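See structure below.
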Amino acid sequence: MDANAEDRPAEVVGALCAKTGAKGEPFWRDEAGDLRIDEGFCLQLLRELRDVTFATVDTRGFPCARTIDVMMVEEGRLYFVAARGKAFYDQLMSTKRVAIVGQTADYRSCRLSGPVEHPSDPAEQRRLVDRVFENNPSMADVYPGEARYVLEVFYLQRGQGEYFDLSGSPILRASFTLGGEALERDGFVVGEGCIGCEACVEACPQQCIALDADDRAHIAQEHCLRCGLCQETCPTGAIVPR
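In this text, residue positions in the sequence shown follow this note's numbering: the first is 2, and each later residue adds one.
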């Protein structure tokens with residue numbers, strides 16, 4: 002494993018904060034030792050990207066994706082809009098879920114999925130639409146005058162996501178959650194059957210596996226691609242999904 006791999010989060014903080022307006026240290030480790038990233042930091046990154054991919058499922062169960070603007074990020078909520086005549090609106094109202102992903106020009110991405118909230122009060126909807134247009138003046142060119150009110154506002158305040166950085170080596174990933182959601186962990190871990198043969202160490206494309214003091218392989222989760230090559234390579238089947 003890269004000798005500087007454990008220090009890399011600190012190295013990228015300055016650039017990340019400069020691009021998103023965040024202040025302070027956005028990374029931390031949870032009780033399991035996994036790298037986490039501040040949720041507000043990631044929401045702001047999506048807002049600054051603005052044009053990101055929103056994915057839903059249609060009535061046939063087929064995935065649908067389109068580019069939608071992140072209109073606001075306020076008080077831990079990510080806001081967006083959909084016009085009532087669009088299939089996107091119908092899918093949101095039907096499934097009440099969405100998945101979002103955006104990527105910077107230098108290959109840093111953020112993804113988020115969770116249940117959507119849709120205020121049902123017409124007056125609140127009107128207030129939120131006006132707020133969206135205040136924050137995004139160019140929207141008035143697309144929906145001038147009263148036409149804006151064909152739009153309705155949705156937001157996410159619960160869910161989980163991940164920051165993924167391909168701009169350096171090794172890659173860096175960190176998870177986050179919104180609204181107190183429990184984190185669903187994925188990737189791979191090394192179980193009791195490890196014999197210390199180092200087959201996985203040699204196979205790992207990111208060199209994020211090393212033997213510990215007990216000659217047992219350990220995976221640095223924040224640098225893992227989760228490609229599964231280590232699991233396929235292990236002669237004893239000791240590497241299993243988390």
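Built from N, CA and C at the ideal position, the CB exists for glycine as well. No experiment lies behind these values; they were computed from the predicted model shown.
Per DSSP, which one or two residues make a beta bridge with D70? Within the sequence shown, residue 70 is the residue found at index 69, counting from 1. DSSP, once it has assigned bridges, lists D52 as partnering D70.
For E75, write down the residues that DSSP places opposite it in a beta bridge. As a first step, residue 75 is located in the sequence shown; it is residue number 74 there, counting from the start. R78, per the DSSP bridge assignment.
For F189, the first and last residue of its enclosing beta strand (DSSP E): Residue numbering aside, residue 189 sits at position 188 when the sequence shown is read from its first letter. Residues F189 to V191.
Have a look at A204, G62 and I220 and flag the residue whose alpha-carbon is nearest the alpha-carbon of I210. To locate residue 210, count along the sequence shown from 1; it is residue 209. Of the candidates A204, G62 and I220, the one whose C-alpha sits nearest the C-alpha of I210 is I220.
Would you call the stretch 201 to 217 and the stretch 227 to 235 touching, i.e. three or more CB-CB distances under 8 Å? yes
Cβ shell of V159 (< 7 Å), same chain only, five flanking positions each side left out: What you label residue 159 is simply residue 158 of the sequence shown in a count that begins at 1. It should be noted that the sequence gives Arg, not Val, for residue 159. Correct list, in chain order: G115, P116, L179, G180 and E182.
Please say whether A100 and A56 have beta carbons closer to each other than 8 Å? If you number the sequence shown from 1, residue 56 lands on position 55. If you number the sequence shown from 1, residue 100 lands on position 99. Their beta carbons are under 8 Å apart, which means A56 touches A100 by this criterion.
Where S95 sits in the DSSP three-state scheme: Locating residue 95 in the sequence shown gives position 94, counting from the first residue. The answer is helix: DSSP assigns S95 an H, G or I state.
Among the residues of its own chain, which have a CB less than 8 Å from the CB of R245, if the five just before and after it don't count? Any property of residue 245 remains undetermined from this structure, which presents the chain solely from 2 to 243.
Coil, strand or helix - L179 by DSSP: Residue 179 sits at position 178 when you count from the first residue of the sequence shown. Here L179 sits in strand by DSSP.
Endpoints, alpha helix (DSSP H) assigned at C111: Position 110 of the sequence shown, counting from 1, holds the residue named residue 111. Taken as a continuous stretch (DSSP letters only), C111 belongs to no alpha helix (DSSP H), being part of the beta strand (DSSP E) at R109 to E118.
Given a cut-off of 8 Å on the beta-carbon distance, is the pair D166 and R243 in contact? In the sequence shown, counting from the first residue as 1, residue 166 sits at position 165. In the sequence shown, counting from the first residue as 1, residue 243 sits at position 242. Not in contact: D166 and R243 (Cβ atoms no closer than 8 Å).
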